[in-house]
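Take a look at the structure set out below.
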Amino acid sequence: MENVLRPLIVVGGSVVLTLAVGWLADVLLRRADARHPDAPVWGLLRRCRLPLQVVLCVALLRGSYDQAQIAEDHSAGIGRTLTLVLIGSMAWLLVRIAAAVVEASYARYAASHHDPARVRRVRTQVTLIQRVVTAIVCVVAIGAMLLTFPAMQAAGTSLLASAGVLGIVAGVAAQSTLGNLFAGLQIAFGDMVRLGDTVVVDGECGTIDEITLTFLTVRTWDERRITMPVSYFTSKPFENWSRGGSQMTGTVFFQLDHTAPVQEMREKLRDVLRECGAWDGRDWGLAVTDTTPNTIQVRALVTAKDADDIWTVRVTVREQLIRWLTEEHPYALPRVNTAWAELPPDDDRPHPSQPIVPRTGRG
Numbered sequence: 033m034e035n036v037l038r039p040l041i042v043v044g045g046s047v048v049l050t051l052a053v054g055w056l057a058d059v060l061l062r063r064a065d066a067r068h069p070d071a072p073v074w075g076l077l078r079r080c081r082l083p084l085q086v087v088l089c090v091a092l093l094r095g096s097y098d099q100a101q102i103a104e105d106h107s108a109g110i111g112r113t114l115t116l117v118l119i120g121s122m123a124w125l126l127v128r129i130a131a132a133v134v135e136a137s138y139a140r141y142a143a144s145h146h147d148p149a150r151v152r153r154v155r156t157q158v159t160l161i162q163r164v165v166t167a168i169v170c171v172v173a174i175g176a177m178l179l180t181f182p183a184m185q186a187a188g189t190s191l192l193a194s195a196g197v198l199g200i201v202a203g204v205a206a207q208s209t210l211g212n213l214f215a216g217l218q219i220a221f222g223d224m225v226r227l228g229d230t231v232v233v234d235g236e237c238g239t240i241d242e243i244t245l246t247f248l249t250v251r252t253w254d255e256r257r258i259t260m261p262v263s264y265f266t267s268k269p270f271e272n273w274s275r276g277g278s279q280m281t282g283t284v285f286f287q288l289d290h291t292a293p294v295q296e297m298r299e300k301l302r303d304v305l306r307e308c309g310a311w312d313g314r315d316w317g318l319a320v321t322d323t324t325p326n327t328i329q330v331r332a333l334v335t336a337k338d339a340d341d342i343w344t345v346r347v348t349v350r351e352q353l354i355r356w357l358t359e360e361h362p363y364a365l366p367r368v369n370t371a372w373a374e375l376p377p378d379d380d381r382p383h384p385s386q387p388i389v390p391r392t393g394r395g
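Under our numbering, the letters of the sequence shown match residues 33 to 395, in that order.
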């Protein structure tokens, strides 16, 4: 009877104690979150309940396994398995705690600062920091798991002895990867580009959608994703329309006839902008910027708070003014002017009976 009750008490007690501790931790975190609504860390830490329960349950089972006397013939294998699960669950718990702390810090910073550029900068930095911490925890956890095997412990000395040579070989072989890694750190803490920035790379305009330590994703206006190595942004020039502020100035060009009513167009442009919600009201203007023998070039200047709104303002101005010119002043649109050619007098015309001698310019 004792052989049956002892395993049940050990396993059942571990599970019950784990559930009780998890429930108590969740209740305490919920109360702390209700008392401190301005501190989101307590609510985020509630995500750690499941990994905490796994760590506690596996730790209790690992510590009391010898007293449980279960499958004594396989005690070494079961003990090593519980150790591996314990290491993995502890890494999971550490990653969840780090993510909660990082997200809470970013949320408090974003709530207390109203500068979008600074908020995007901190968001980029905390995202990369979280990924670096996750990578470090995973590497340490994998190393700890491998060291639980006797063969890996015996090979540890030789691995440390050859670490210098292997480091040099790996550094030469992974030069491009290491370059991207350091470029990612430079972007994160150098404030060169941030999540949400509007950039132009290789002739494509888009928004920074994702930044990692090795690559960067640009989302274009037509929902395409352009993935580029981060070393591109540290070695080649690119346009960052959000750098130093997101306000933008745009232009709309019209090719019109010389008789176009420029002053009336200027007044119509003012009316169109007043009705356009994307215009920020900072500046506007209309001027003749060039002439040709057949047309004039009219430039409309508009402003908006960001790249998306400047696109909306430009297309609105273009559509409204073209429609207004077509309906109210159709003569202002470009035309092809023709005229009758004047023939020379009859005495100067060549007679069919007279040969036409070409002029060569030599006498």
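We put the CB at the ideal spot given by N, CA and C, even for glycine.
Everything numeric in this text was worked out from a predicted model, so none of it was measured.
Under the rule that a run must span 3 or more residues, the beta strand (DSSP E) segments found entirely inside the region 293 to 335 read 311 to 323. Only residues of its own chain outside the window of five on either side were considered, and among them V154 have a CB closer than 6 angstroms to the CB of Y141, listed in chain order. Going by beta carbons, V284 and A332 fall inside the 8 angstroms limit. In this structure, K337 and D303 do not form a Cβ contact; the two beta carbons are roughly 21 angstroms apart against a cut-off of 8 angstroms. Distances from the alpha-carbon of R251 to those of L114, T113, T230 and A131 put T230 closest. Around the C-beta of P362, fewer than 16 other C-beta atoms lie within 10 Å, and the residue is accordingly described as exposed. Approximately 5 angstroms separates the beta-carbon atoms of A132 and L77; this is inside 8 angstroms, confirming the contact.
Here DSSP, grouped into helix, strand and coil, assigns G228 to coil.
A364 is positioned such that its CB atom lies no closer than 8 angstroms to that of A319. Within the DSSP bridge table, the entry for C237 names V232 as partners.
Here L60 is exposed, its C-beta having fewer than 16 other C-beta atoms within 10 Å.
In the structure shown, T180 adopts coil according to DSSP, grouped into three states. Out of E135, D322, T244 and L118, the CA that lies nearest to the CA of A173 is found in L118.
When the alpha-carbon of E135 is set against those of L116, G120, T156 and S121, the nearest one is in T156.
One alpha carbon belongs to T259, the other to S278, and they sit about 23 angstroms apart. At least 8 angstroms separates the beta-carbon of T321 from that of Q287.
The beta carbons of T266 and Q218 sit closer together than 8 angstroms.
Beta-bridge partners assigned by DSSP to F286: V330. Judged by DSSP secondary structure, R346 falls within the alpha helix (DSSP H) whose first and last residues are A339 to E360. Taking all protein chains in view, the Cβ of I243 is crowded by 16 or more other Cβ atoms within 10 Å, so the residue is classified as buried.
Distance check between T324 and each of R62, L125 and V368 places V368 closest, using alpha-carbon atoms only. In the assembly as shown, D254 is an exposed residue. Its beta-carbon has fewer than 16 other beta-carbons within 10 Å. Approximately 6 angstroms separates the beta-carbon atoms of F270 and V232; this is inside 8 angstroms, confirming the contact. Annotated three-state conformation of E135 is helix, per DSSP.
When A310, Q352, L160 and W273 are compared, the shortest CA-CA separation from E299 is found for Q352. Going by beta carbons, T335 and R314 fall inside the 8 angstroms limit.
Residues of the same chain with a CB within less than 6 angstroms of the CB of I342, apart from the 5 flanking positions on each side, are M280, G282 and A336 in chain order.
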